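Here the structure comes first, spelled out in structure tokens, and everything after it is commentary.
Protein chains: 2
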Amino acid sequence: MVNQEMLSYGKQASVIRELFEQAKREKKLIGEENVFDFSIGNPSIPTPEKVNQTLIDLLQKEDSVLLHGYTSSAGDLTSREAIATYLNQKYQANLSGNHIYMTVGAAASLTICFHALIEEGEEILCFAPYFPEYSVFAHKAKAIFKPVKCDKDFFPDVQDLEAKITEKTKIVLYNSPNNPTGAVYPKERLEEIAALLEKKQKEYHHEIYLISDEPYRELIYTSTPYPFITNIYDNSLVCYSFSKSLSLPGERIGYIAMSEKMKDVEDVFAAICGAGRNLGFVCAPSLFQKLIPSVLGITTDISLYQENRDLLCSILSQLGYEYVKPDGAFYLFLKALEEDSLSFSKIATKFHLYLVPSDSFGCKGYVRVAYCTKKETIQRSKDAFRQLKEYYDEVKK
Amino acid sequence: MVNQEMLSYGKQASVIRELFEQAKREKKLIGEENVFDFSIGNPSIPTPEKVNQTLIDLLQKEDSVLLHGYTSSAGDLTSREAIATYLNQKYQANLSGNHIYMTVGAAASLTICFHALIEEGEEILCFAPYFPEYSVFAHKAKAIFKPVKCDKDFFPDVQDLEAKITEKTKIVLYNSPNNPTGAVYPKERLEEIAALLEKKQKEYHHEIYLISDEPYRELIYTSTPYPFITNIYDNSLVCYSFSKSLSLPGERIGYIAMSEKMKDVEDVFAAICGAGRNLGFVCAPSLFQKLIPSVLGITTDISLYQENRDLLCSILSQLGYEYVKPDGAFYLFLKALEEDSLSFSKIATKFHLYLVPSDSFGCKGYVRVAYCTKKETIQRSKDAFRQLKEYYDEVKK
Numbered sequence: 009m010v011n012q013e014m015l016s017y018g019k020q021a022s023v024i025r026e027l028f029e030q031a032k033r034e035k036k037l038i039g040e041e042n043v044f045d046f047s048i049g050n051p052s053i054p055t056p057e058k059v060n061q062t063l064i065d066l067l068q069k070e071d072s073v074l075l076h077g078y079t080s081s082a083g084d085l086t087s088r089e090a091i092a093t094y095l096n097q098k099y100q101a102n103l104s105g106n107h108i109y110m111t112v113g114a115a116a117s118l119t120i121c122f123h124a125l126i127e128e129g130e131e132i133l134c135f136a137p138y139f140p141e142y143s144v145f146a147h148k149a150k151a152i153f154k155p156v157k158c159d160k161d162f163f164p165d166v167q168d169l170e171a172k173i174t175e176k177t178k179i180v181l182y183n184s185p186n187n188p189t190g191a192v193y194p195k196e197r198l199e200e201i202a203a204l205l206e207k208k209q210k211e212y213h214h215e216i217y218l219i220s221d222e223p224y225r226e227l228i229y230t231s232t233p234y235p236f237i238t239n240i241y242d243n244s245l246v247c248y249s250f251s252k253s254l255s256l257p258g259e260r261i262g263y264i265a266m267s268e269k270m271k272d273v274e275d276v277f278a279a280i281c282g283a284g285r286n287l288g289f290v291c292a293p294s295l296f297q298k299l300i301p302s303v304l305g306i307t308t309d310i311s312l313y314q315e316n317r318d319l320l321c322s323i324l325s326q327l328g329y330e331y332v333k334p335d336g337a338f339y340l341f342l343k344a345l346e347e348d349s350l351s352f353s354k355i356a357t358k359f360h361l362y363l364v365p366s367d368s369f370g371c372k373g374y375v376r377v378a379y380c381t382k383k384e385t386i387q388r389s390k391d392a393f394r395q396l397k398e399y400y401d402e403v404k405k
Numbered sequence: 009m010v011n012q013e014m015l016s017y018g019k020q021a022s023v024i025r026e027l028f029e030q031a032k033r034e035k036k037l038i039g040e041e042n043v044f045d046f047s048i049g050n051p052s053i054p055t056p057e058k059v060n061q062t063l064i065d066l067l068q069k070e071d072s073v074l075l076h077g078y079t080s081s082a083g084d085l086t087s088r089e090a091i092a093t094y095l096n097q098k099y100q101a102n103l104s105g106n107h108i109y110m111t112v113g114a115a116a117s118l119t120i121c122f123h124a125l126i127e128e129g130e131e132i133l134c135f136a137p138y139f140p141e142y143s144v145f146a147h148k149a150k151a152i153f154k155p156v157k158c159d160k161d162f163f164p165d166v167q168d169l170e171a172k173i174t175e176k177t178k179i180v181l182y183n184s185p186n187n188p189t190g191a192v193y194p195k196e197r198l199e200e201i202a203a204l205l206e207k208k209q210k211e212y213h214h215e216i217y218l219i220s221d222e223p224y225r226e227l228i229y230t231s232t233p234y235p236f237i238t239n240i241y242d243n244s245l246v247c248y249s250f251s252k253s254l255s256l257p258g259e260r261i262g263y264i265a266m267s268e269k270m271k272d273v274e275d276v277f278a279a280i281c282g283a284g285r286n287l288g289f290v291c292a293p294s295l296f297q298k299l300i301p302s303v304l305g306i307t308t309d310i311s312l313y314q315e316n317r318d319l320l321c322s323i324l325s326q327l328g329y330e331y332v333k334p335d336g337a338f339y340l341f342l343k344a345l346e347e348d349s350l351s352f353s354k355i356a357t358k359f360h361l362y363l364v365p366s367d368s369f370g371c372k373g374y375v376r377v378a379y380c381t382k383k384e385t386i387q388r389s390k391d392a393f394r395q396l397k398e399y400y401d402e403v404k405k
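Structure, rendered in structure tokens:
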């Protein structure tokens, strides 16, 4: 007698979560050191000392009624202005605190944007592979979710975007650095997307919003500057979360930033406020909002993730696995050794390897390896990856 | 080109928020001490020292990766079990941590319940006067929102409930202690509601869920025990927030507790998990979840609100105003001195009194006086209330 759709979502745990729970059970049985759990994207590096120290300072020194009180629904203006100033300096952007909306993390940033922008039956186009929850959020906002292809480097295929775009397209969504591939989309590719959307906006006489979901923005292992989307396309929104950069995933703090050049930016901002209100987000957690101005530009020790990546890549290369070296995030997208990635993921668990099959990411034949683990886990997984490879070499004979 | 409904919600600030902003502007012009802002329900008493101290201890002593990490979507099991144990002891209830779901505050508790339980076109019945956002949340969940009358004490009119209930009724919602009246619904009245719903469930062959929204549960100024709904009706859910009892409204921490005797409780719990996921609530803020076990049963110094209430009542009685003395929360529902409460609220601002007209609470002819202010504000408001009364006495001549 409950809502049947919500019931089915609640009953079907995500594949990631299922593997994670299975790994947890196996750790209890055979010891943590013998299980190689690459299932979940949970940051393993502690938050910078400055984060905890600033929180303590706020708790000790600030007026408690103000510190823990309601902020405006869009968030504390001091925090929003600090974020705008920081992004303007770092990316030569042109943002205003007035059009930054603080959220309870990246998922909330996305659901609020979708509900604010979509009318029933309009389309959200998204490059595959993509984070599986996108389609859940899109569906709840009554949008039609349409995946768009990527090329062999896992960069957006702009031709396929052009083929898939229709008059009903309201949002194009991308995620870079990408979960699950770790690909960092190049500036040129985003410029091509922007040019195409400009053309299509004129053709269809309405706005098409480009949303960049970028919680992994600070986790990049090359020196190429990150292409900030509001500098490239006017009708763009940035969805951000401090979950990964500050290792605060449970604290739920992020923001939506709107381009100042967006058409009817005041209306878009108002619709975002309206959607936040309708969905029951009163304001983002106040203490964490007030933390932000002191820790902008600070990150956890990202070099540890880079070391993990390099170690994992070297192991996989030595063993003859196929993958595209990831430039960002903490995921590697590994070619499965058989066509059916679910079967491959299942076989891998025989060797205590927990790898997420790619089907739920909208793409077949791969597994996602989340390397935000202890370095020792990667080191010790080498034998397991070898045995897995040998198993398939044997099968093919 | 944005979603038109979300735009209109975003553009129309709530009446409460509008009055609050107007009062803020006037304070700047004529001095804080000359403005009597009774508009907003923002707790004015600091959080107990133990809250800040426990947060500091957690930040200093806990492993930061665990402390700030994702919890399960339903929340940290230790916190959920602590809440169940506390409620079972305090109210002789029979709850389990397995069916408690941690939320980002009371608004989220309600939106998640509505989306989990409602299929499009089903009804949510609610006793008027009620908190205006209820109808916003109900509408977003595609429910039909139907107000039910209260009697002269602002207690539920069970006859009117019986008249309004239909086969489409899925949820009956109440809020006690009540915002805006401060009424605490008596046990007997809730038992009558439960008996009616039992009868109607049999008649219609489906469940009718009774939701108690009770963020003001600890703010009661009588010694009558609070009637805990899961002891009275099986298909019941409690929506709670620590915003008022611990003066943490900006931190967004609360829960949904389900009766263990609920029909298909596992399905209801799963639907709630599904709705939370769909709306973009990944988990409640982790640090504040972990605070909870140490501060259950502790509240801010409620006696200060009681002193405010008594002072306000004595002033209003002396001046000949009509109202029902509130037993809980920090609101008093005052009979307006003309039929049109909007006009009355406007006239009141001439005397620097900010009182919320009752129309948005689903009831005409009253204003809500939020007495969670400094005591001095109430003391000094006496002249303003006198002048307002004299103004109307003059008009009536």
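Here the protein sequences come in this chain order: V and P.
Sequential numbering of the first sequence, starting at 9, is according to this note's numbering.
Sequential numbering of the second sequence, starting at 9, is according to this note's numbering.
For each residue, glycine too, the CB sits at the ideal point set by N, CA and C.
Values in this document were obtained by computation on a predicted structure and should not be read as measured data.
Checklist entry - So with Cβ pairs under 7 Å, would you call Ser72 of chain P a contact of chain V? => result Position 64 of the second sequence holds residue 72 of chain P. By the rule that beta-carbons nearer than 7 Å mark a contact, Ser72 of chain P touches chain V.
Item to check | Residue from P:Lys372, P:Ser353, P:Glu127, P:Arg285 whose Cα sits closest to the Cα of Ile216 of chain P | outcome: Translated into the one-based positions of the second sequence, residue 216 of chain P becomes position 208. Of the listed residues, the one whose Cα sits closest to Ile216 of chain P is P:Glu127.
Checklist entry - Going by the CB atoms, is the gap between Tyr313 of chain P and Asn50 of chain V shorter than 7 Å? => result Numbered from 1 along the first sequence, position 42 holds the residue referred to as residue 50 of chain V. Numbered from 1 along the second sequence, position 305 holds the residue referred to as residue 313 of chain P. Result no, Cβ atoms of Asn50 of chain V and Tyr313 of chain P do not sit closer than 7 Å.
Checklist entry - Considering only the beta carbon of each residue, do Lys157 of chain P and Asp168 of chain P sit closer than 7 Å? => result Position 149 of the second sequence, counted from the first residue, corresponds to residue 157 of chain P. Position 160 of the second sequence, counted from the first residue, corresponds to residue 168 of chain P. Yes, these two residues count as a Cβ contact at 7 Å.
Checklist entry - Quick one: is Gly305 of chain V buried, meaning 16 or more other Cβ sit within 10 Å of its Cβ, or exposed? => result Start at 1 with the first residue of the first sequence, and residue 305 of chain V comes out as number 297. By the neighbour-count criterion, in which 16 or more other beta carbons inside 10 Å mark a residue as buried, Gly305 of chain V falls on the exposed side.
Next on the checklist: Let me check one thing: in DSSP terms, what residues is Asp221 of chain P bridge-paired to?
Outcome noted: To locate residue 221 of chain P, count along the second sequence from 1; it is residue 213. Asp221 of chain P pairs with P:Asn183, P:Cys247.
Checklist entry - Is Tyr17 of chain V close to chain P, meaning its C-beta is less than 7 Å from at least one C-beta of that chain? => result As a first step, residue 17 of chain V must be located in the first sequence, where it is residue number 9. Output row for Tyr17 of chain V: interface = yes.
Checklist entry - Hey, does Leu148 of chain P have any beta-carbon neighbour from chain V nearer than 7 Å? => result Locating residue 148 of chain P in the second sequence gives position 140, where the first residue counts as 1. Here residue 148 of chain P is Lys; the residue named in the question, Leu, does not match the sequence. Taking a beta-carbon distance threshold of 7 Å, Lys148 of chain P counts as an interface residue toward chain V.
Item to check | Collapsed DSSP secondary structure at Tyr17 of chain P in the structure displayed | outcome: If you number the second sequence from 1, residue 17 of chain P lands on position 9. Tyr17 of chain P falls in the helix class under three-state DSSP.
Next on the checklist: Is the beta carbon of Phe44 of chain V closer than 7 Å to that of Ala392 of chain V?
Outcome noted: Translated into positions along the first sequence, residue 392 of chain V becomes position 384. Translated into positions along the first sequence, residue 44 of chain V becomes position 36. Cβ atoms of Ala392 of chain V and Phe44 of chain V: closer than 7 Å.
Checklist entry - What is the rounded straight-line gap between the Cα of Pro334 of chain P and the Cα of Phe163 of chain P? => result On the second sequence, residue 334 of chain P is found 326 positions in, with the first residue counted as 1. On the second sequence, residue 163 of chain P is found 155 positions in, with the first residue counted as 1. Each residue's Cα considered, the two are about 12 Å apart.
Item to check | Where Pro233 of chain V falls, given that 16 or more other Cβ within 10 Å makes a residue buried | outcome: Walking along the first sequence from the start, residue 233 of chain V turns up at place 225. Exposed is the call here.
Checklist entry - Which residue's Cα is closest to the Cα of Arg88 of chain P: P:Tyr400, P:Leu67, P:Thr111, P:Gln100? => result Position 80 of the second sequence, counted from the start, is the residue given in the question as residue 88 of chain P. Comparing Cα-Cα distances from Arg88 of chain P to each of P:Tyr400, P:Leu67, P:Thr111, P:Gln100, the minimum goes to P:Thr111.
Item to check | Residues near Ser366 of chain P by beta carbon distance below 8 Å, same chain, minus five either side | outcome: Locating residue 366 of chain P in the second sequence gives position 358, counting from the first residue. Excluding positions up to five away in sequence, the list reads Pro137, Pro188, Phe341, Ala344, Ser349, Lys372, Gly373, Tyr374, Val375, Arg376.
Checklist entry - Under three-state DSSP, which class holds Pro257 of chain P? => result On the second sequence, residue 257 of chain P is found 249 positions in, with the first residue counted as 1. The DSSP-derived three-state label of Pro257 of chain P is helix.
Item to check | Beta-carbon spacing of Val332 of chain P, Asp161 of chain P below 7 Å | outcome: On the second sequence, residue 332 of chain P is found 324 positions in, with the first residue counted as 1. On the second sequence, residue 161 of chain P is found 153 positions in, with the first residue counted as 1. In this structure, Val332 of chain P places its C-beta atom within 7 Å of the C-beta atom of Asp161 of chain P.
Checklist entry - By Cβ distance below 7 Å, which residues in the same chain neighbour Leu85 of chain V in space, the five residues on each side in sequence not counted? => result In the first sequence, residue 85 of chain V corresponds to position 77, counting from 1. Excluding residues within five positions, the ones whose Cβ falls inside 7 Å are Gly105.
Next on the checklist: To test your reading of the DSSP string, which unbroken alpha helix (DSSP H) runs of 4 or more residues are found completely within the segment 309-365 of chain V?
Outcome noted: You should have 311-326, 349-358.
Checklist entry - With DSSP run on the structure shown, which of helix, strand or coil describes Pro301 of chain P? => result As a first step, residue 301 of chain P is located in the second sequence; it is residue number 293 there, counting from the start. Pro301 of chain P: helix per DSSP, three-state reduction.
Checklist entry - Grouping DSSP H, G and I as helix and E and B as strand, with all else coil, what is Cys121 of chain P? => result Taking the first residue of the second sequence as 1, we reach residue 121 of chain P at position 113. If DSSP states are grouped into helix, strand and coil, Cys121 of chain P belongs with the helices.
Next on the checklist: For the pair the segment 10-29 of chain P and the segment 261-280 of chain P, tell me if three or more CB-CB distances fall below 8 Å.
Outcome noted: The segment 10-29 of chain P and the segment 261-280 of chain P do not touch, with fewer than 3 CB-CB distances between them shorter than 8 Å.
Next on the checklist: If you measure between the beta carbons of Phe145 of chain P and Tyr362 of chain P, is that distance less than 7 Å?
Outcome noted: For the purposes of this step, residue 145 of chain P is taken as the residue at position 137 of the second sequence. For the purposes of this step, residue 362 of chain P is taken as the residue at position 354 of the second sequence. Not a contact, by the Cβ cut-off of 7 Å.
Checklist entry - Since Phe28 of chain P meets chain V, which of its residues come closer than 8 Å, beta carbon to beta carbon? => result Along the second sequence, one-based indexing puts residue 28 of chain P at 20. None at all; the shortest Cβ gap to chain V is about 10 Å.
Checklist entry - Going by Cα to Cα distance, which pick from V:Gln387, V:Lys298, V:Pro54 is closest to Asp65 of chain V? => result Position 57 of the first sequence holds residue 65 of chain V. A check of alpha carbon separations from Asp65 of chain V across V:Gln387, V:Lys298, V:Pro54 identifies V:Lys298 as the nearest.
Checklist entry - Thinking C-alpha only, which one of P:Ile132, P:Ala202, P:Thr119 is nearest Ile240 of chain P? => result In the second sequence, residue 240 of chain P corresponds to position 232, counting from 1. Nearest Cα to Ile240 of chain P within the set P:Ile132, P:Ala202, P:Thr119: P:Ala202.
Item to check | Ser40 of chain V: first and last residue of the uninterrupted alpha helix (DSSP H) it sits in | outcome: The sequence position of residue 40 of chain V within the first sequence is 32, counting from 1. According to the sequence as given, residue 40 of chain V is Glu; it is not Ser. For Glu40 of chain V, there is no enclosing alpha helix (DSSP H), as DSSP marks it with neither H nor E.
Next on the checklist: Give me the residue from P:Ile300, P:Asn11, P:Ile237, P:Ile323 with the minimum Cα distance to Ser389 of chain P.
Outcome noted: The count along the second sequence starts at 1 and reaches residue 389 of chain P at position 381. When each option's Cα is compared against that of Ser389 of chain P, the closest is P:Ile323.
Next on the checklist: Any beta carbon of chain V sitting closer than 7 Å to that of His76 of chain P?
Outcome noted: Your numbering for residue 76 of chain P matches position 68 in the second sequence. Answer yes: the Cβ-Cβ gap between His76 of chain P and chain V drops below 7 Å somewhere.
Item to check | Within 7 Å of chain V by C-beta, residues of the segment 209-226 of chain P in sequence order | outcome: Of all residues in the segment 209-226 of chain P, the ones placed with a Cβ closer than 7 Å to any Cβ belonging to chain V are His214, Glu215, in chain order.
Item to check | Collapsed DSSP secondary structure at Phe289 of chain P in the structure displayed | outcome: By one-based count along the second sequence, residue 289 of chain P stands at place 281. Residue state, collapsed to three classes: coil.
Item to check | Residue closest to Phe369 of chain V, alpha-carbon to alpha-carbon, out of V:Leu103, V:Tyr142, V:His213 | outcome: By one-based count along the first sequence, residue 369 of chain V stands at place 361. It is V:Tyr142 whose Cα lies nearest to the Cα of Phe369 of chain V.
Item to check | Selected residue, minimal CA-CA separation from Lys252 of chain P, among P:Leu319, P:Val276, P:Asp309 | outcome: In the second sequence, the residue the question calls residue 252 of chain P occupies position 244. Of the residues P:Leu319, P:Val276, P:Asp309, the one whose Cα lies closest to the Cα of Lys252 of chain P is P:Asp309.
Checklist entry - On the three-state DSSP scale, how would you describe Thr111 of chain V? => result Sequence index remark: in the first sequence, residue 111 of chain V carries index 103 (1-based). Here Thr111 of chain V sits in strand by DSSP.
Checklist entry - In terms of DSSP beta bridges, what is Tyr374 of chain P paired with? => result Stepping through the second sequence from its first residue, residue 374 of chain P is reached at position 366. Per DSSP, P:Lys343.
Item to check | Residues that Met14 of chain V contacts on chain P, provided the C-beta gap is smaller than 7 Å | outcome: Within the first sequence, the letter at position 6 stands for residue 14 of chain V. Neighbours of Met14 of chain V in chain P, taken as residues at a C-beta separation under 7 Å, are given in chain order as His123, Ala124, Ala279, Gly282, Ala283, Asn286.
Item to check | Neighbouring residues, chain P, relative to Gly113 of chain V (Cβ below 7 Å) | outcome: Taking the first sequence and counting its residues from 1, one reaches residue 113 of chain V at position 105. Neighbours of Gly113 of chain V on chain P, chain order: Val290.
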